[in-house]
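Numbering (our numbering), first residue to last: 5 to 635. We treat Cβ as the ideally placed atom computed from N, Cα and C, and that holds for glycine. What follows is a short report on a single structure.
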Amino acid sequence: MGLNETGEIQELHRASKVKRPFTSNSKQAVLLGARPAVNRARKHSRVRQRRRRRGSYLPRYHARPRSWPRDSTRRDMARAATARTSGAKPQEDDAGAAAADSLEAALAQLGPFGFYQGYMLVMLCIPNLLACMYSLNYIFVADQVPFRCVVPECEGGYPQFENEAAAALLPGGACERYEPLQPDLASCDRDSFHQNHTIACDSFVYENFHTIFAEFDLACREWMRTMVGTVRNVALPFALVLTGYVSDTYGRRTAFCLFSAFAGVMGILKAFSVNYQMYLAMEFFEAALGYGFNSAGYVMMVEIAHPSLRAVFACATGVAYGAGGVLFAWVAWGVPYWRHLLWTIHSLALLLPLYWLLLDESPRWLHATGNVDKTAAVIRKAAQWNKVVVNEALMSKLQETTRTQAQGGRERAWLSVLRSRVLLGRFALCCWCWAATTFVYYGLTINSVALAGNKYVNFALNMSMEIAASVLIMMALERIGRKLCICFAFLLCGVACVSPFFISHEGTTLAMFFVGKLAITFAFNSLYVFTAELYPTHTRSSALAACSLVGRAGSVLAPQTPLLNMYVQAVLYGACSVTAALAVLCVPETRSASLPQRVADAERLRPAAPPPAPPRAPESPPRPRLVSAET
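Here it is as structure tokens:
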């Protein structure tokens with residue numbers, strides 16, 4: 005529009021004596037492309053500045069996207085901004101929200117707990133018995149046995165451990181012996197040895213050969229014995245990365261069956277080790293390829309559980325893990341030779357691949373990957389087992405929304421998480437909690453066999469704390485909440501661990517040890533539930549594996565704690581527990597909240613609102629007082 009035309013329009017206004025001000029609300033101003041009046045801009049400048057800081061300001065004269073309604077509110081614009089941040093288009097975000105709502109409604113038809121959920125719970129608790137044995141078998145397999153230095157002058161053709169004459173020629177240390185005065189003279193008399201000069205032992209004799217410590221001759225090389233647990237924990241990050249990828253790409257059931265088969269085969273091969281180096285290599289591969297079946301089974305269990313029963317399901321897995329530890333203590337007591345022990349426990353893992361025929365794939369994973377027919381088939385099967393009738397209209401809507409979500413394209417899961425500052429900060433906090441928990445948990449577990457008394461009984465009592473902690477989880481997590489329970493458990497563990505500085509009584513110190521073990525076990529088992537509830541379905545298994553992966557730095561260092569002084573251990577355990585308690589307070593509460601399906605759901609994660617109070621009955625009007633005629 006030229007300047008002449010603009011002048012003509014203004015003259016027409018003056019000629020018609022229009023008294024209203026020439027503002028951007030008039031049609032002529034829109035034709036001219038005029039901006040809002042100066043007084044209006046000054047009046048609302050502060051409002052616009054606040055909106056710009058929030059990222060929700062949209063000037064009136066800017067072109068709006070076609071997908072936004074003209075009367076969109078700030079809440080709609082914030083949702084669209086969240087969708088752009090997470091890498092999803094507004095149309096795909098709406099389709100994903102509808103699909104997530106349809107899935108939740110379809111799963112709600114099954115009821116909180118029925119025969120199908122009970123069957124899945126029992127079947128997935130059985131592998132937890134074996135997972136405990138595989139994770140902690142090195143505590144007995146690489147345990148130290150009594151030994152002494154060989155004194156050639158006092159030994160016969162075959163040295164025996166019980167030799168009082170040779171034992172009398174040994175100083176206080178087990179790795180040295182007195183130097184003979186005349187090496188060529190084979191005399192066992194005490195006067196034939198230096199009384200103040202010692203030499204290193206050349207060979208050792210052991211009380212028995214029940215462990216690799218004796219069979220591979222690891223006496224006076226304590227670092228080689230503790231290296232077994234460290235190598236296993238170094239392999240776990242590889243296992244968790246592999247588990248997360250296979251579980252999220254090919255399914256929970258596939259990962260479970262595949263890695264359980266690896267656990268059985270590699271464990272049996274480990275029992276055939278001929279030297280220390282071969283045993284370390286097989287320990288690494290058995291952990292790297294076989295550890296993931298427990299993680300895949302746990303994710304499958306969490307995804308089938310009702311939101312109000314996730315803590316109960318976690319309690320059941322904790323009870324199974326603790327029962328596996330108690331059972332392993334008695335099995336190790338009855339089968340002390342390490343080769344026979346490994347053959348006994350790992351041969352059972354060869355039966356777990358049969359779960360492919362006994363379990364269904366997780367419906368949440370099937371839904372997230374766009375498998376419409378399989379998702380509906382699993383839900384209908386579960387409804388049939390629970391003897392409930394499904395709503396066919398709802399199932400049709402589920403299939404329709406799932407197809408729409410699949411056509412919209414699946415976003416790159418981890419890329420969307422890394423783009424979100426909320427989830428990235430949450431991931432960092434979870435990693436530190438996992439690292440502190442694994443360090444304290446495995447440190448206390450490994451040192452339990454060094455307590456006074458029978459090592460098998462002490463280990464069984466130590467693992468029984470798993471059962472007690474799981475029962476407490478069932479009672480506390482749903483009533484009090486995840487954050488407060490886990491924070492209190494960390495603080496209690498920290499207080500129990502530093503108690504040796506103030507308490508010197510042996511019985512009280514032993515009691516505080518078990519209190520600390522109970523508290524850290526409560527926190528450890530609760531973290532599995534808490535972490536799985538914080539991330540969307542596409543990355544749930546990978547996020548759980550990644551947090552556990554970073555947290556394994558603590559379990560790598562834990563086997564080396566027996567080399568430290570008791571008081572140094574107490575300081576480390578207490579500091580890690582207290583800092584983890586502070587980190588938990590920065591993560592949102594997830595009690596009774598629905599599992600997030602998308603990144604936007606995870607960012608807006610909030611606990612479910614309490615149910616509304618029932619309406620109060622209307623109060624009856626007061627009865628009129630009867631007044632007698634006499635009154």
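Residue range R425 to N451 is occupied by the alpha helix (DSSP H) that includes C435. One thing to note: H371 has its Cβ within 7 Å of the Cβ of L107. In this structure the stretch 239-253 does not touch the stretch 319-327; the number of beta carbon pairs closer than 8 Å is below three. Rounded to whole angstroms, the gap between the alpha carbons of R257 and E307 is 12 Å.
Restricting attention to alpha helix (DSSP H) runs no shorter than 4 residues, the stretch 290-331 encloses them at 296-308, ordered along the chain. Looking only at Y162, A604, F506 and C491, the smallest Cα-Cα distance to R425 is reached by A604.
Shortest Cα-Cα distance from C319 to any of A353, L561 and F534 involves F534. Secondary structure at Q199: strand, using DSSP grouped into helix, strand and coil. The alpha carbon of S546 has as its nearest neighbour, out of Y254, W347 and L355, the alpha carbon of Y254. Pairing R430 with V591 gives a Cβ-Cβ distance under 7 Å. For P131, there is no enclosing beta strand (DSSP E); the enclosing alpha helix (DSSP H) has its first and last residue at F119 to L140. Residue environment analysis places W369 among the buried positions, since at least 16 neighbouring C-beta atoms fall within 10 angstroms of its C-beta. Between A523 and A493, the C-beta gap is smaller than 7 Å, which places the two residues in contact.
DSSP lists Y210 as the beta-bridge partner residues of F151. Between A353 and A267 the beta-carbon gap is near 5 Å, inside 8 Å, which marks them as a contact. The C-alpha of M516 is placed about 13 Å away from the C-alpha of G578. Straight-line measurement puts the Cα of L284 at about 12 Å from the Cα of N237. Taking 8 Å as the upper bound for CB-CB distance, L345 and V145 are in contact here, some 7 Å apart. It is roughly 14 Å from the alpha-carbon of H201 to the alpha-carbon of P187. Under the three-state reduction of DSSP, E166 is assigned to coil, being neither helix nor strand. Bridge pairing for A204: E180 [DSSP].
Contact between the stretch 437-445 and the stretch 281-295 is not established, with fewer than three Cβ pairs separated by less than 8 Å.
The C-alpha of A309 lies about 20 Å from the C-alpha of N375.
Straight across, the Cα-Cα distance linking C551 with E365 is about 24 Å.
For D252, the number of other beta carbons within 10 angstroms of its own is at least 16, and it is reported as buried. One thing to note: C192 has its Cβ within 7 Å of the Cβ of A169.
About 6 Å separates the beta carbons of I272 and W347, which is inside the 8 Å limit, making them a contact pair. Unbroken alpha helix (DSSP H) stretches of 4 residues or longer found wholly inside the stretch 213-281: 216-219, 226-254 and 256-274, given in chain order.
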